[in-house]
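Reading through the structure tokens given below for one structure.
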Amino acid sequence: MPSNDDFRHYAIEVKPIGAACNLRCEYCYYLGKGSGDKAAPALMADDVLENYIRQVIDIHGQYAEIEFAWHGGEPTMCGIPFYEKAMALQQKYGKGRRILNTLQTNGTLLTDDWCQFFHDNQFRIGLSIDGPEHLHNIYRKDAHGEGTFARTMHGHELLQKHGVEFNTLTTVNAANADHAKEVYNFLREFSNFMQFLPVVERRTTPQPLSGKERDGHIPVAIPPGLYTSPKTREGQGEEIVLAPFSVSAEAYGKFLCTVFDEWARKDIGKKFVQVIEATIGNLTHRPAGLCVHESVCGHCGVIEKNGDLYRCDRYVFPEYRAGNIMTDNLYNLMQTNRQFGEYKLESLPPACLHCDVVELCFGGCPKDRIEERLAFSAEYGKPIVERRNYLCSGYKMFFQYIKKHFGKIR
207 MPSNDDFRHY AIEVKPIGAA CNLRCEYCYY LGKGSGDKAA PALMADDVLE NYIRQVIDIH
267 GQYAEIEFAW HGGEPTMCGI PFYEKAMALQ QKYGKGRRIL NTLQTNGTLL TDDWCQFFHD
327 NQFRIGLSID GPEHLHNIYR KDAHGEGTFA RTMHGHELLQ KHGVEFNTLT TVNAANADHA
387 KEVYNFLREF SNFMQFLPVV ERRTTPQPLS GKERDGHIPV AIPPGLYTSP KTREGQGEEI
447 VLAPFSVSAE AYGKFLCTVF DEWARKDIGK KFVQVIEATI GNLTHRPAGL CVHESVCGHC
507 GVIEKNGDLY RCDRYVFPEY RAGNIMTDNL YNLMQTNRQF GEYKLESLPP ACLHCDVVEL
567 CFGGCPKDRI EERLAFSAEY GKPIVERRNY LCSGYKMFFQ YIKKHFGKIR
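This note's numbering applies: residue 207 is where the sequence shown begins, and numbers increase by one.
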């Protein structure tokens, strides 16, 4: 009889071209992070690619579906020949295993050749789009400061033309947060699978705009986490300075509630909205399938183009580098991620433990726990630093709303 290990699965993203991208989206959280840009050539070398594919296949259980998740930057900048090599290596080491390839793209570089390749190799594509043109173009610009909506929509049309399965990924930011109904109804015209990702980034101190910031990129602060020391000290706290494109907690909560209403009224059983499906999963005691709202994380590593493994896509900072797959065993590296993943639950503040929606929220992503405050711990007999999620009130608004209306959609 198969054991649990036979179905062992990991979610490991790879950045084969690092942060390189043809766009200059103002809210990009990846530019300037990690070691990939400094420690490797522009494109992942052949020996790193082969080592990556071999080890990812090796660490999965024999009955598990193996996902290769290609991210960036803009991963289509690698070129089709790079992925043809990857497909050959998957066949070489996969030996009949079930393999899925996913790729996240801004869509602007897609061509008939790309989409035919995706179709022939059964890629599932994530298309980044922030709503209709007047909202999408506010932050999603190219290197010349021009909006990219028309090129993204052309990419979408090519995906449809070639019958490529795709979903949409939409950031919820300062520009589109008050337009939830418009955004949802725009997306539902062509997307059956929608993801909504809140944009929350901060700087540590108010400071004049640097040259990099004037070019449209605001260096973001390292997020709180297991290997990041609290900034709060007795009698004082760190000032939280959010990047101007960040969504407010209340706006995010209202956005999700409005999306839920539109979905419940028009699209139950027809459209998949990730955060709604994850919440229903938690309500019915099924796996949420969304790390942000699961009790622990740590199973989603990120491999840079030079082979460096980081704990999480949102933690590509030196403090969270686990090792390198060219010198270390990937299975062992992922095993060391357990403590990082368990920190999410272990560090929940007492207020979360007594919250009526904790089983749906689980404190959200630790990277957004930027509100630090001192609280007395009876367990330790001294003051400790609590890290609360900046989006807490928005999450609470949404989860209480969906619980209230859950009976209507069952």
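For glycine and all other residues, C-beta sits at the position ideal for the given N, C-alpha and C. All values reported here derive from a predicted model rather than from experimental measurement.
Asked, Found
"For M400: DSSP bridge partner residues", "T374, V479"
"Under the three-state DSSP convention, the category P589 falls into", "strand"
"Separation of N228 from Y390, as counted between CA atoms", "27 angstroms"
"Three-state secondary structure (DSSP) of G417", "Caution is warranted here: a pLDDT of 40 is assigned to G417, below 50, making its placement in the model unreliable, and the coordinate value is therefore given only provisionally. Correct three-state label for G417: helix."
"Straight-line gap, H362 to G313 (C-alpha atoms, nearest Å)", "7 angstroms"
"The beta strand (DSSP E) enclosing Q310, as first and last residue numbers", "305-311"
"Three-state class that DSSP yields for I486 in the structure shown", "helix"
"First through last residue of the beta strand (DSSP E) which encompasses A528", "527-530"
"Start-to-end residues for the alpha helix (DSSP H) that takes in F451", "Here F451 belongs to no alpha helix (DSSP H), and DSSP marks it neither H nor E."
"CB contact flag (D519, V508, <7 angstroms)", "yes"
"Three CB pairs or more closer than 8 angstroms across the segment 535-549 and the segment 275-294", "no"
"Sequence-distant residues of the same chain with beta carbon closer than 7 angstroms to D243, five excluded per side", "Bear in mind that the predicted position of D243 carries a pLDDT of just 47, short of 50, making it unreliable; the figure below should be weighed with that in mind. Around D243: G224, A225."
"Nearest to C234 (by Cα), restricted to the options I259, D318, F323, A349", "A349"
"Contacting residues, own chain, Cβ-Cβ under 6 angstroms from L566 (five flanking each side not counted)", "T485, N488, F605"
"Closest residue to G300 among C561, Y258, G332 (Cα-Cα distance)", "Y258"
"V481 versus P222 - alpha carbon distance", "28 angstroms"
"Continuous beta strand (DSSP E) stretch holding R330: start and end", "330-334"
"C-alpha distance - V479 paired with Q401, whole-angstrom precision", "6 angstroms"
"Whole runs of the alpha helix (DSSP H) within the segment 255-319, excluding any shorter than 4 residues", "286-300"
"Sub-7 angstroms separation of L403 and T377 beta-carbons", "yes"
"Spatial distance of G417 from K511 (CA atoms)", "Interpretation of G417 is limited by its pLDDT of 40, a score under 50 that renders its predicted location unreliable; no figure is taken from the coordinates."
"C497 versus S599: straight-line alpha-carbon distance, rounded", "19 angstroms"
"Beta-carbon proximity list for E592, same chain, < 8 angstroms, skipping 5 on both sides", "P555, P556, A557, E578, R579, L580, A581"
"Cα-Cα separation, A380 to T434", "27 angstroms"
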